[in-house]
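FYI, in the working numbering the residues of the sequence shown are -7 to 221. Reading through the structure tokens given below for one structure.
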Amino acid sequence: MSLETSLQQNNTLLEQQNVLLTQLVAALSNNTLTPGTKPTCTQEIEKPAITKATPVNIDTISFEIIVALAVLFKDNVHPVTEDKVSAANEVINAVGHARNGQVDALDAALQGLPEVKVLSNARLIDLCLEMLANWDDIPGITERREFALELLSEGKAHTEVGNDEEPEPVIDPKALLKEAETLILQLVKNGYRSEAVDILAKFDAKKLGQVAEKHIPEVVALAKAAMEG
-7 MSLETSLQQN
3 NTLLEQQNVL
13 LTQLVAALSN
23 NTLTPGTKPT
33 CTQEIEKPAI
43 TKATPVNIDT
53 ISFEIIVALA
63 VLFKDNVHPV
73 TEDKVSAANE
83 VINAVGHARN
93 GQVDALDAAL
103 QGLPEVKVLS
113 NARLIDLCLE
123 MLANWDDIPG
133 ITERREFALE
143 LLSEGKAHTE
153 VGNDEEPEPV
163 IDPKALLKEA
173 ETLILQLVKN
183 GYRSEAVDIL
193 AKFDAKKLGQ
203 VAEKHIPEVV
213 ALAKAAMEG
């Protein structure tokens, strides 16, 4: 090989190395991954969907579902929601061993009572909860019906007493004072002056205007009694 040929080959190799070095520098400046660097992949984690309990109008629910709701959820029955109604519906439609014995027992006891049938669903739930709270003391259907009627009777009695109570009349102080003046004058005109004087004296007064307002009702009562003799 001649010297000229050898130099040409060396120049060619140098040019190729320069090209490779240029490519390497360009790769490094572009943040190309270097050996030993492991790529990281980010995986998007799905968040569980938050389900909101949909409320249900209690007045639209059947008698059987109301009873089942009370048994299944007891003091946590409120608020009544679609998921609770669905669970109660499954119990109602179950067959064989899958049925809930307490639901059936409570339903059987209440279904035969006309007094219960007319209750609102809100009151029916309250009745069921009261019975469930005393369940161990009412082991049979007869005891349960008697207990239910007793609870309803107590509620009715309380309602009747409340309805019979009349509000206390509001006393108008001016009207009461006018009545006292009229009665005192009538006593004097009818020959009972001494009685009128004695009535005022009971309150350390010589005339009606000196009697404290709180004592005017008593003046009226005493004057009426004196008039009646």
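Beta carbons: idealized from backbone N, C-alpha and C, even for Gly. This structure is a prediction, so every number in the text was calculated from the model and none was measured.
Short Cβ contact (8 Å threshold) for residue i with residue j
i, j, result
"V203", "V211", "yes"
"L116", "K66", "no"
"L61", "L105", "no"
"A193", "I176", "no"
"I50", "N113", "yes"
"V59", "D99", "yes"
"L124", "V63", "yes"
"V83", "V95", "yes"
"I130", "F139", "yes"
"P165", "E220", "no"
Anticipated Cβ contact below 8 Å, residue i with residue j, distance rounded
i, j, result
"L179", "A215", "6 Å"
"I57", "A79", "Between A79 and I57 the Cβ distance is about 10 Å, and since that is not below 8 Å, they are no contact."
"L144", "E173", "Incorrect: roughly 54 Å between the Cβ atoms, too far for contact."
"A218", "Y184", "6 Å"
Residue i - partner residues in DSSP beta bridges
i, result
"P47", "T73"
Residue i: CB within 7 Å of a non-hydrogen atom of the ligand COA
i, result
"A193", "Judged by which ligands are present, the structure shown has none, so any question about the ligand COA falls away."
Inter-stretch contact at 8 Å, needing at least 3 Cβ pairs: the stretch 100 to 119 / the stretch 54 to 72:
Contact annotation: the stretch 100 to 119 touches the stretch 54 to 72, with at least three C-beta pairs closer than 8 Å.
What ranges does the alpha helix (DSSP H) occupy inside the stretch 81 to 146, keeping only unbroken runs of at least 4 residues that lie completely in it?
93 to 103, 106 to 109, 113 to 125
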